[in-house]
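> In our numbering, the protein residues as written are 267 to 348. Beta carbons are placed, not taken as given, at the ideal position from N, Cα and C, and that holds for glycine. Supplied in structure tokens, the structure appears directly below.
Rendered as structure tokens:
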């Protein structure tokens, strides 16, 4: 799993509240904040969008061309405009 660090600036009274809540659950601040984020996003679903028929047709043709070796390798963007 890829991870990232997050630096958060909180007003002191909010920090005190968060630390007290973390201690109440026996968690570090990091674990407590991670728990809060997970609880916040757990019911969110990632939207799925269907391609239009024309876009799907173009994408499938491009995939087929790639898989069958019909594509030409270019070394620079300038080659596209020759």
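DSSP on residue 268, reduced to helix/strand/coil?
Looking at residue 268 - three-state DSSP - the assignment turns out to be coil, as it is neither helix nor strand.
> Using only alpha-carbon positions, find the residue among 295, 331, 321 that is nearest to residue 274.
For residue 274, the nearest C-alpha among the options comes from 295.
> Since I believe residue 276 is in contact with residue 284 (beta carbons under 8 angstroms), could you give me their beta-carbon distance rounded to a whole number of angstroms?
Right, their Cβ atoms sit about 7 angstroms apart.
> Following the continuous alpha helix (DSSP H) through residue 321, name the residue where it begins and the one where it ends.
It spans 319–333 - the alpha helix (DSSP H) in which residue 321 sits, taken as one unbroken run.
> Could you tell me the boundaries of the alpha helix (DSSP H) in which residue 287 lies?
Element bounds for residue 287: 278–290.
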